[in-house]
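Enquirer:
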Amino acid sequence: MGYKVGEGLGKRNDGIVHAIQARICAKNASLDEVMIRKRKVIDGNEKPKKVRKLNTTDDSERDIFAFINRKLEKKAERTYDDIRKEKIEMAGYSSKTLGAKNIDLESELKQLVMKKRKLKDGIDRNRNDKNTVIKMKCSLKEIDEQIASVNRKLNRIQNEVSSRNSKRKDEF
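Residue numbers (full-length UniProt numbering): 1 to 172.
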């Protein structure tokens, strides 16, 4: 009853002869995306992946100077306004939520420290390859910034928890 090469499908072998090829789509791909992909193939508009990666959607990005500016721009600094909003938001959290966030941040910190250690080992291993060392040093700087950010968040959470505990002690 199964498919045999060269025979048609169905009860009397009068159906389609060639099996339909399955095409794996992206997760949560809608039917509209599948139909657009089919139309692109029919119209001949489908581009190779490498060309699509090189082309940017924004016309300003095609200019080399816009690209350089985007890469070299510093990220927005945190303002006192942002910190104050975060403190107000934290005050509304329950102790359970703060504890869960604390655990999540500690695990994230451990992962970042492991990445940092691996990058340092990679820099030591690849001393002779300058390009690799430069890339790894850039990654190391980013990891250091992330570690500092996570440490600040951990300190804020721990301060909030300790201030809540001191308020409880003051009541009794």
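A virtual CB, placed ideally from N, CA and C, is assigned to each residue, including glycine.
1. Report yes if the C-beta distance between Met136 and Leu119 is below 9 angstroms; otherwise report no.
2. Is it buried or exposed, Val150, if we count other Cβ atoms within 10 angstroms and call 16 or more buried?
3. Among the residues of its own chain, which have a CB less than 6 angstroms from the CB of Gly122, if the five just before and after it don't count?
4. For Ile143, is the classification buried or exposed, using 16 other Cβ atoms within 10 angstroms of its Cβ as the cut-off for buried?
5. Who are the near neighbours of Lys116 in its chain, counting only those whose CB is closer than 6 angstroms to its CB and skipping five residues on each side?
6. How would you call Ile157, buried or exposed, if buried means at least 16 neighbouring beta carbons within 10 angstroms?
7. Round the Cβ separation of Leu109 and Leu72 to the nearest angstrom and send it over; I've been treating them as touching at under 8 angstroms.
8. Helix, strand or coil: how does DSSP classify Arg117 here?
9. Is the separation between the beta-carbon of Val161 and that of Gly99 shorter than 9 angstroms?
10. Between Lys85 and Tyr93, is the Cβ-Cβ spacing less than 9 angstroms?
11. Return the Cβ separation of Arg164 and Ser107 in integer angstroms, given the expectation that the two are a contact with Cβ distance under 8 angstroms.
12. Excluding sequence positions up to five away, which residues of its chain have a Cβ less than 7 angstroms from the Cβ of Ser166?
13. Please list the terminal residues of the continuous alpha helix (DSSP H) segment that includes Asp129.
14. Can you tell me whether DSSP reads Glu73 as helix, strand or coil?
15. Can you give me the C-alpha to C-alpha distance between Cys138 and Thr132, rounded to a whole angstrom?
16. The alpha helix (DSSP H) that contains Arg84, what's its start and end?
17. In whole angstroms, what separates the C-alpha of Arg127 from that of Tyr80?
Expert: Straight from the coordinates:
1. Within the sequence shown, the letter at position 136 stands for residue 136. Within the sequence shown, the letter at position 119 stands for residue 119. For Met136 and Leu119, yes; Cβs fall inside 9 angstroms.
2. For the purposes of this step, residue 150 is taken as residue 150 along the sequence shown, with counting starting at 1. Buried is the call here.
3. The residue given as residue 122 occupies position 122 in the sequence shown. These residues qualify, in order along the chain: Met136.
4. Residue 143 sits at position 143 when you count from the first residue of the sequence shown. Per the 10 Å Cβ criterion, buried.
5. Here residue 116 refers to the residue found at position 116 of the sequence shown. If we look at Lys116 and ignore the five residues flanking it on each side, its Cβ neighbours are Ile143.
6. Along the sequence shown, read from residue 1 onward, the residue named residue 157 stands at position 157. Counting Cβ neighbours within 10 Å, Ile157 comes out buried, since at least 16 surround it.
7. Taking the sequence shown and counting its residues from 1, one reaches residue 109 at position 109. Taking the sequence shown and counting its residues from 1, one reaches residue 72 at position 72. That belief does not hold up - the Cβ atoms of Leu109 and Leu72 are roughly 28 angstroms apart, past 8 angstroms.
8. For the purposes of this step, residue 117 is identified with residue 117 of the sequence shown, where counting begins at 1. Arg117: helix per DSSP, three-state reduction.
9. On the sequence shown, residue 161 is found 161 positions in, with the first residue counted as 1. On the sequence shown, residue 99 is found 99 positions in, with the first residue counted as 1. Yes, the Cβ-Cβ distance between Val161 and Gly99 is below 9 angstroms.
10. Looking up residue 85 in the sequence shown gives position 85. Looking up residue 93 in the sequence shown gives position 93. Result no, Cβ atoms of Lys85 and Tyr93 do not sit closer than 9 angstroms.
11. By one-based count along the sequence shown, residue 164 stands at place 164. By one-based count along the sequence shown, residue 107 stands at place 107. Incorrect: roughly 23 angstroms between the Cβ atoms, too far for contact.
12. The residue you call residue 166 lines up with position 166 of the sequence shown. Within the same chain, Ser166 has no close Cβ partners at all.
13. What you label residue 129 is simply residue 129 of the sequence shown in a count that begins at 1. Unbroken run through Asp129: none, as it is neither H nor E.
14. In the sequence shown, counting from the first residue as 1, residue 73 sits at position 73. DSSP places Glu73 in coil when its eight states are reduced to three.
15. Walking along the sequence shown from the start, residue 138 turns up at place 138. Walking along the sequence shown from the start, residue 132 turns up at place 132. Using only the alpha carbons, I get a separation of about 10 angstroms.
16. Translated into positions along the sequence shown, residue 84 becomes position 84. First-last of the alpha helix (DSSP H) with Arg84: Tyr80 to Ala91.
17. Locating residue 127 in the sequence shown gives position 127, where the first residue counts as 1. Locating residue 80 in the sequence shown gives position 80, where the first residue counts as 1. Whole-angstrom Cα-Cα distance: 41 angstroms.
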